[in-house]
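Numbering (this note's numbering), first residue to last: 854 to 1144.
Beta carbons are placed, not taken as given, at the ideal position from N, Cα and C, and that holds for glycine.
Remarks on the structure that follows.
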């Protein structure tokens, strides 16, 4: 493993040993770095992510007794099962998230055991996994995403074992289903606003549905994402290597960025076109994942 990593966009170099020293870890802590700048380094389909204002995210998994208080002195936010701190180390802004190792192991085991054939897909996915107090489903899925595109810097061997313990097929399928559910939740509201409410709200929600759908589509290619703002870029990168994705990306780009709506009929036609694309893409996703 290299002893440092270069971030040209920050014009900075991070020395792993110096970083670890500034974090004052316990002997059994597991530490990895992640975030948009790191993701760009480790994944070819994440090129272009991050900018000069991006932070580096650090995740510290602490081995604590379940009956002992998760006691960490921080100046940030305390959500019981996850604590978030902010530091500036070696002139770089750092976001630090602390988790209990036992919570992460337990959540991964639950995800690995999800039986998609026998689960009631009409139920919200957050009911499929029992989450500890303070960790919502979004945060857990984001954690897995960050771990997937990460660089381990402390107790590297233990982190590699943790990564290998994850059933990534279940993670991709679960995440795709999650974004499809988020999309479906807006369907009736879009129709209601088209007919009886505010058509501009309908357009906004239709665009949100588009991006949720494309996030699910990204997972169908065994790629991961946890921030909707990166969906257009990530989809564009994947499209450069796949003609099928390229056609869908062009349609998505047109509907999201390059469509001018000047009257009610155009808005109704727009929403209908969005729904047609959603139905087509969800069909592809379901066929890939067999759900």
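- Counting only the Cα atoms, residue 926 lies some 17 Å from residue 874.
- The stretch 995-1005 and the stretch 1114-1134 do not touch, with fewer than three beta-carbon pairs separated by less than 8 Å.
- Close CB contacts of residue 859 within its chain, under the 7 Å cut and outside five residues either way in sequence, are with 866 (chain order).
- About 7 Å separates the beta carbon of residue 911 from that of residue 876, a gap short enough to meet the 8 Å contact definition.
- Comparing alpha-carbon positions, the option among 978, 1105 and 1058 lying closest to residue 967 turns out to be 978.
- Sequence-distant partners of residue 1086 (beyond 5 residues in either direction) whose C-beta falls short of 7 Å from its own C-beta, in its chain, are 901 and 902.
- In the structure shown, residue 958 adopts helical secondary structure according to DSSP, grouped into three states.
- When Cβ pairs closer than 8 Å are counted between the two stretches, the stretch 1062-1071 is seen not to touch the stretch 1045-1052, the count staying below three.
- Here the stretch 1080-1098 does not lie against the stretch 1050-1060, with fewer than 3 beta-carbon pairs under 8 Å apart.
- In the structure shown, residue 1102 falls within a helical segment according to DSSP collapsed to helix, strand and coil.
- Here the C-alpha atom of residue 1073 lies approximately 13 Å from the C-alpha atom of residue 1092.
- When Cβ pairs closer than 8 Å are counted between the two stretches, the stretch 1003-1016 is seen not to touch the stretch 1027-1046, the count staying below three.
- Distance from the Cα of residue 879 is smallest, within the candidate group 1103, 935, 855 and 951, for 951.
- Here residue 1032 has 1065, 1068 and 1069 as same chain residues with Cβ atoms under 6 Å from its own Cβ, once five neighbours each way along the sequence are excluded.
- Within the same chain, 862 come within 7 Å of residue 904 by CB-CB distance, once the 5 residues on both sides are set aside.
- Counting only the Cα atoms, residue 960 lies some 7 Å from residue 982.
- For residue 887, DSSP records a beta bridge to 910.
- Residue 1136 sits exposed, since fewer than 16 C-beta atoms from the chains shown fall within 10 Å of its C-beta.
- A residue is called buried once 16 or more other Cβ atoms fall within 10 Å of its Cβ, and residue 914 is buried on that count.
- Taking the Cα positions, residue 1024 is about 8 Å away from residue 965.
- According to DSSP, residue 1024 shares a beta bridge with no other residue.
- Scanning 889, 992 and 1052 for the CA closest to the CA of residue 936 turns up 992.
- For residue 1046, DSSP assigns no beta-bridge partner whatsoever.
- Note on residue 938: 16 or more other CB atoms within 10 angstroms of its CB, so buried under the neighbour-count rule.
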